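Structure, as structure tokens:
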Amino acid sequence: MESRPLVISILGSGGGVAKAVLSILNQAIADANDPIHALLKQSTIHLIDVKPQRLEDFLPRFPHLQDKLVLHQLDLRHTNLFKQHLRRTRTTLVIDVSWADTVEMLRCCNELGVLYTNTALENMMVDENEDLEGFTLIERYRIFEQHRHHFTQTRAIVCSGMNPGVVQWMALKMIAEQPGKLPLGCYIVEHDDSFYADTTCVKEKTVYSTWSPECFLDEALLNYPMFVKEREPLFFYQHVYNLEFKVTLGKKQFYGCLMPHEEVLTLGRLSNMETGFIYRVNDYTTNLIRSQLGNPGDLWNWHHQVMDPSDAEMDGSDLVGVLLVYEDKERYMYNVRDNRSVFAAYQVNATYFQVACGVYGAVCSLLLDAIPAGVHYVDELLLHTPAKYGEYVTRYLKNFVTGENPNSDGLLLARRRNPL
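For the sequence shown, position 208 matches number 197 in my numbering, and the numbering has no gaps at all.
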């Protein structure tokens, strides 16, 4: 990269992912052994959000960054103003954890040669089009694919959080350990049993989630269950929460719902594996959604609350990993982080911390590695570039577990549990 000082602009800086990313950067700048320590020492970090922000809400949490942070209030739909910001600040890298349109943000960065990374594909026009209900994820992906190859003046890594993001690294790492033996199926699996330690603080008509409740409900209510087979996305025409699928990870077993997700599409497109994302949240939220399936639209009018351990103590952990299915066995790899230890070290919940580790991996890859121009998903990055993404991710993300099941529960239709 150029020798000029590093200038980072974080979009959506008022949210939990941004604060988790800042927590990692706060440690990285204080650690002389961190790979981007020297760059951060000479950096400026611009925090951009559509809502007003107060510097006093950031400084106590990120003491090593306090002379680096600059606040901005900006509606990112005004792309001309955003480009003015990029020019004026001479931004080097955009970390996009906002709901801004991914294509438009990339268009601005591409025009000015600014590095870019994000955690998910966003498109507000798709979200606001009722005719696309059931298929919002696949439509966001379709639109992004129409435009991504036009962005040749930037270097970008898209969809790098935990899942999508780190899970692609896990999947490819496990597959590479047995070359020449491609799995029949590759499932992204997650069991997030995080909830408040004191349940008396739980309020009626409130949807609780460890990440954006609106995005969670988009997957859980607006979309049909989706998986990829023979490189084609396929759908069950049922409520997501009407179906459950079995996951076995050694002695740990759970049933989760089949959710649409970006990494299912990108991994499924790379090879002839059946791919899907099997997700289980805490029992309270699971039961709440199932109790409202007769009137799911009501949940959009309830209060939505991100569970923040700064507000009340949280129990539980978030387990995220991959399950590779072969004819006679299964192999798995997962990471599990508990909320108590993560909050003690980073002042965020476990889910946001895991996402931030994926963002950190992408940031390091963009700043330090010889990545060619263009837009890369994490799996493409790992297969086609010299990026050390996995090395960066595991600097802060510990507690990976690997193992093998001596038998297989089969592909998705075989592991379905009906009726609930």
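Don't be surprised by glycine CBs; every beta carbon is placed ideally from N, CA and C. Treat the numbers as computed from the prediction; the structure is a model and nothing was measured.
**Asked** Tell me the DSSP bridge mates of I455?
**Response** Residue 455 cannot be examined here, being either before or after the span of the chain that is shown, -10 to 409.
**Request:** Kindly indicate which three-state DSSP category C346 falls into: helix, strand or coil?
**Result:** Your numbering for residue 346 matches position 357 in the sequence shown. The DSSP-derived three-state label of C346 is helix.
**Request:** Report yes or no: do the region 109 to 125 and the region 74 to 83 share at least 3 C-beta pairs separated by less than 8 Å?
**Result:** Touching, no, given that fewer than three Cβ pairs across the two stretches are closer than 8 Å.
**Request:** Within its chain, find whatever has a CB closer than 6 Å to the CB of H180; leave out the 5 residues flanking it on each side and keep chain order.
**Result:** The sequence position of residue 180 within the sequence shown is 191, counting from 1. Closer than 6 Å at the Cβ level, and outside the excluded window around H180, lie F243, R269, L308.
**Prompt:** Cα separation between P222 and K57?
**Reply:** Start at 1 with the first residue of the sequence shown, and residue 222 comes out as number 233. Start at 1 with the first residue of the sequence shown, and residue 57 comes out as number 68. Across the structure, P222 and K57 are spaced so that their CA atoms are roughly 44 Å apart.
**Request:** Examine the Cβ distances between the region 303 to 317 and the region 276 to 295 and report whether three or more of them are shorter than 8 Å.
**Result:** At 8 Å Cβ cutoff, the stretches do not touch.
**Asked** Run through DSSP, which three-state label would V337 get?
**Response** Translated into positions along the sequence shown, residue 337 becomes position 348. In the structure shown, the three-state DSSP call for V337 is coil.
**Prompt:** Going by alpha carbons, who is nearest to L161 out of P361, R320, K194?
**Reply:** Along the sequence shown, one-based indexing puts residue 161 at 172. Nearest of P361, R320, K194 to L161, Cα basis: R320.
**Message:** Looking at the secondary structure, which residues open and close the beta strand (DSSP E) in which T68 lies?
**Reply:** Position 79 of the sequence shown holds residue 68. Here T68 belongs to no beta strand (DSSP E); instead the alpha helix (DSSP H) covers 68 to 78.
**Asked** Out of D46, M163, V367, T143, which has the shortest C-alpha to C-alpha gap to G4?
**Response** Along the sequence shown, read from residue 1 onward, the residue named residue 4 stands at position 15. Of D46, M163, V367, T143, the residue nearest in Cα terms is D46.
**Message:** Please state the DSSP three-state secondary structure of M262.
**Reply:** Here residue 262 refers to the residue found at position 273 of the sequence shown. M262: coil per DSSP, three-state reduction.
**Request:** Using 10 angstroms around the beta-carbon of K170, count the other beta-carbons present and answer buried if the total reaches 16, otherwise exposed.
**Result:** On the sequence shown, position 181 is the one that residue 170 refers to. Counting Cβ neighbours within 10 Å, K170 comes out exposed, since fewer than 16 surround it.
**Asked** Which partner residues of D181 appear in the DSSP bridge assignment?
**Response** Numbered from 1 along the sequence shown, position 192 holds the residue referred to as residue 181. D307.
**Message:** Can you look up L82 in the DSSP assignment and give me helix, strand or coil?
**Reply:** For the purposes of this step, residue 82 is identified with residue 93 of the sequence shown, where counting begins at 1. Assignment of L82 by DSSP, reduced to helix, strand and coil, places it in the strand class.
**Short Cβ contact (8 Å threshold) for I146 with L0** = Position 157 of the sequence shown, counting from 1, holds the residue named residue 146. Position 11 of the sequence shown, counting from 1, holds the residue named residue 0. In this structure, I146 keeps its C-beta atom at 8 Å or more from the C-beta atom of L0.
**Asked** Should L210 and L288 be called a contact, given that it needs their Cβ atoms to be closer than 8 Å?
**Response** Locating residue 210 in the sequence shown gives position 221, counting from the first residue. Locating residue 288 in the sequence shown gives position 299, counting from the first residue. Closer than 8 Å, so yes.
**Request:** Note down, in chain order, each residue of its chain lying with its Cβ closer than 7 Å to the Cβ of E(-9), except the 5 sequence neighbours on either side.
**Result:** Walking along the sequence shown from the start, residue -9 turns up at place 2. Low per-residue confidence applies at E(-9): pLDDT is 46, beneath 50, and the placement is therefore not dependable, though the value from the model is reported in the following sentence. Within its own chain, no residue has a Cβ closer than 7 Å to the Cβ of E(-9) once the five positions on either side in sequence are excluded.
**Asked** Who are the Cβ neighbours of P419 in its own chain at under 6 Å, not counting the five residues just before and after it?
**Response** This structure leaves residue 419 out entirely; the chain is present only between -10 and 409.
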